[in-house]
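Under this note's numbering, the first residue of the sequence shown carries the number 399, and numbering increases by one thereafter.
Single-structure report; data block below.
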Amino acid sequence: HPGVREVSVVGLPDPEWGERAVACLVVDPGTAEAELDAWCLARIARFKRPKHYVFVSSLPKNNYGKVVKTELRARDAAELHPQGAA
Numbered sequence: 399h400p401g402v403r404e405v406s407v408v409g410l411p412d413p414e415w416g417e418r419a420v421a422c423l424v425v426d427p428g429t430a431e432a433e434l435d436a437w438c439l440a441r442i443a444r445f446k447r448p449k450h451y452v453f454v455s456s457l458p459k460n461n462y463g464k465v466v467k468t469e470l471r472a473r474d475a476a477e478l479h480p481q482g483a484a
């Protein structure tokens, strides 16, 4: 998508499906979740598209420039399930 600067997709536990895809994105101002979801639905299979979109100012990276997905999973779990809610 032209409005996405960086993205990393992580899997988070899901009681029904085992795991669900969560996209963590750094986007241009004005890029909406509905627009991204429609873009994904038009290009990838429905079961492969992210179930949630989390907008972040930057992705955590290690000294080699690789995205640290363990930090994203911890951050996303807290954002999507505050106070340990399921």
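For every residue, glycine included, the Cβ atom is placed at its ideal position computed from N, Cα and C.
Answer with buried or exposed for residue i, where buried requires no fewer than 16 other C-beta atoms within 10 angstroms of its C-beta.
{"i": "leucine 434", "result": "buried"}
{"i": "leucine 423", "result": "buried"}
{"i": "serine 406", "result": "buried"}
{"i": "aspartate 474", "result": "buried"}
{"i": "leucine 439", "result": "exposed"}
Can residue i and residue j be called in contact, C-beta distance under 8 Å?
{"i": "alanine 421", "j": "proline 448", "result": "yes"}
{"i": "valine 408", "j": "lysine 467", "result": "yes"}
Starting from residue i, trace the beta strand (DSSP E) in both directions and tell me its first and last residue.
{"i": "leucine 410", "result": "402-412"}
{"i": "alanine 421", "result": "416-425"}
{"i": "valine 452", "result": "450-453"}
Is residue i helix, strand or coil by DSSP?
{"i": "lysine 467", "result": "helix"}
{"i": "lysine 459", "result": "strand"}
{"i": "alanine 440", "result": "helix"}
{"i": "arginine 447", "result": "coil"}
{"i": "aspartate 435", "result": "helix"}
{"i": "alanine 472", "result": "helix"}
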